[in-house]
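Colleague:
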Amino acid sequence: MAAVEHDADVIVVGAGPGGSTTAYHLARHGVRVLLLEKTEFPREKVCGDGLTPRAVKQLVKLGIDTSPEAGWLRNRGLRVIGGGIRLELDWPDLASFPNYGLVRTRLDFDDLLAKRAVEAGATLRTGVTVTGPVLDETGRSIGVTAEVGPDKAPATFHAPLVVAADGVSGRLPLALGLTKRDDRPMGVAVRRYYRSPVKHQDDYLESWLELRSREHPDKLLPGYGWIFGMGDGRVNVGLGALNSSPSFGKTNYRRLLTDWLGNTPEDWGLADEANADGPILGAALPMGFNRVPHYTRGVLLVGDSGGMVNPFNGEGIAYAMESGELAAEVAVQALARPVGAERERALAGYPTELKLRYGGYYRLGNIFVKLIGNPQVMRLATRHGMPHPTLMRFVLKLMANLTDPRGGDAMDRVINAMAKAAPAV
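Going by the numbering used here, the sequence shown opens with residue 16, and the numbers climb by one from there.
#1: Could you check which residue in ARG89, ILE100, PRO165 has the C-alpha nearest to that of SER6?
#2: With which residues is PHE104 paired in a DSSP beta bridge?
#3: May I have the straight-line CA-CA distance separating ALA137 from ALA38, to the nearest angstrom?
#4: Determine, using beta carbons only, whether ARG206 and VAL252 come nearer to each other than 8 Å.
#5: Which residues in the same chain as GLY63 place their Cβ atom closer than 7 Å to its Cβ, once the five residues preceding and following it in sequence are excluded?
#6: Mind checking ASP233: buried by the 16 CB within 10 Å criterion, or exposed?
#7: May I ask which residues mark the beginning and end of the alpha helix (DSSP H) holding LEU417?
#8: Give me the Cα-Cα distance between ALA17 and ARG270, rounded to the nearest whole angstrom.
#9: Could you check whether ASP108 and PHE56 sit closer than 8 Å to each other, using their CB atoms as the reference points?
#10: Less than 8 Å separating the beta-carbons of ALA161 and GLY31?
#11: Determine, using beta carbons only, whether VAL345 and TYR373 come nearer to each other than 8 Å.
#12: Can you tell me which of the three DSSP states ILE26 falls into?
#13: Please state if the CB of GLY318 and the CB of GLY331 are separated by a distance shorter than 8 Å.
#14: Do GLY380 and LYS435 have their beta-carbon atoms positioned less than 8 Å apart in this structure?
#15: Sorted by chain position, which residues of the same chain lie with C-beta nearer than 6 Å to GLY65's C-beta, five sequence neighbours on each side aside?
#16: For a quick check, are the C-beta atoms of MET401 and GLY98 less than 8 Å apart?
#17: So what does DSSP say about PHE124, is it helix, strand or coil?
#18: Roughly how many angstroms lie between the CA atoms of ARG306 and LEU193, to the nearest whole one?
#19: Just to confirm, is the Cβ distance from LEU341 to GLU368 under 8 Å?
#20: Out of curiosity, what's the CA-to-CA distance linking HIS215 and ARG229?
#21: Taking the C-alpha atoms as reference points, what is the distance between HIS173 and GLN348?
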């Protein structure tokens with residue numbers, strides 16, 4: 016077999032949170048990393064822009080200053096509105112996670128993470144659209160093909176390992192025959208920025224469990240909304256819906272968003288089109304490991320590419336970054352071994368560890384998605400759960416996946432036991 020000249024030890028496809036985190040941890044361990052991104056920074060991305068303490072922990076690991084002076088807006092927890100009740104739930108005090116969340120636009124958030132990867136030693140190339148894998152005669156990936164620049168010049172990059180962090184589209188995994196699983200949950204979200212003199216500065220992320228329009232105030236709309244203050248005079252407003260809902264795929268979610276906002280207080284400014292800052296944008300949310308296996312033939316899947324969005328709350332950034340860190344750890348160990356069976360044994364540990372960490376929890380999330388897809392179940396849960404703050408604090412811990420694995424309180428022990436008892440997805 017002819018020798019292949021490698022451009023890097025690892026090629027990472029996609030410089031979102033998952034890809035940049037992977038590249039950062041690889042480079043920090045002395046691995047030659049080539050990070051390929053199809054767009055140019057800074058760039059817009061559909062997101063709620065809210066980060067839970069789980070994501071904050073990953074930012075701290077990257078050495079990022081998360082102080083207000085560095086441009087971050089901190090929040091104390093989650094404000095839940097539903098069943099005629101408004102409840103403010105602080106993030107739990109834990110040994111494993113900080114007790115604050117953050118808000119920052121994806122416009123510069125992803126740029127910041129990519130720069131950290133470069134500072135650690137990774138090589139970033141933007142304007143490179145990866146079109147597929149380069150396979151050897153055994154069918155194993157030894158690099159990627161791509162189109163470079165505005166003229167889409169063909170190019171080939173070689174490396175013994177490739178990380179697919181190319182998001183929900185998963186172009187690279189699809190080229191390897193890895194399609195989405197229909198038995199796993201999928202969500203859709205739409206969001207828009209608005210200028211708001213009242214809501215832009217907020218100590219809490221705000222979640223609406225019941226959406227109503229001005230025209231039909233007695234009818235619940237099929238979704239769950241958020242209003243996150245950005246601290247710069249704007250709010251990020253959006254809603255999400257799950258494929259377990261009977262209305263999924265039959266609803267105009269952009270119209271749904273404006274219908275809901277039309278019912279919000281006038282002084283918030285969210286019902287006035289003149290206050291809109293940009294268009295309504297939408298994106299899919301691949302949940303609960305909806306693309307597997309997470310390692311095959313020299314390619315590791317990270318974040319949305321591997322369907323790692325939390326089914327309970329739609330959070331994807333934390334899991335993209337966590338899986339990126341894990342992928343980097345596994346890759347470093349694998350590259351230290353000879354090519355062949357020994358290296359493959361190390362790489363096989365990646366999906367095994369992912370399943371161990373999230374498999375049972377995602378199984379619970381998949382059950383949760385099916386239950387709340389029934390509007391009557393959701394209505395009953397909101398009406399009877401919201402009046403009980405202790406129960407809602409438990410729900411917050413469960414949905415945000417914020418527990419101490421050891422030495423936690425009774426709530427932590429119950430949630431951890433539930434995740435362990437559930438068969439892994």
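By construction, the Cβ of each residue, glycine as well, lies at the ideal position given by its N, Cα and C atoms.
Note that the coordinates shown come from a computational prediction; the quantities given were computed from them, not determined experimentally.
Modeller: According to the structure data:
#1: Since the displayed the chain opens at 16 and closes at 440, residue 6 lies outside it and no answer follows.
#2: One detail in the question is off: residue 104 reads as Leu in this sequence, not Phe. Paired residue(s): LEU93.
#3: 6 Å
#4: yes
#5: ARG206, TRP241, PHE243, ASN251, GLY253
#6: exposed
#7: First-last for LEU417: undefined, no H or E at that position.
#8: Confidence is the limiting factor: at ALA17 the pLDDT is only 46, short of 50, which leaves the residue's position unreliable and the question unanswerable from this model.
#9: no
#10: no
#11: no
#12: strand
#13: yes
#14: no
#15: VAL118, LEU220, PHE243
#16: yes
#17: helix
#18: 7 Å
#19: yes
#20: 23 Å
#21: 20 Å
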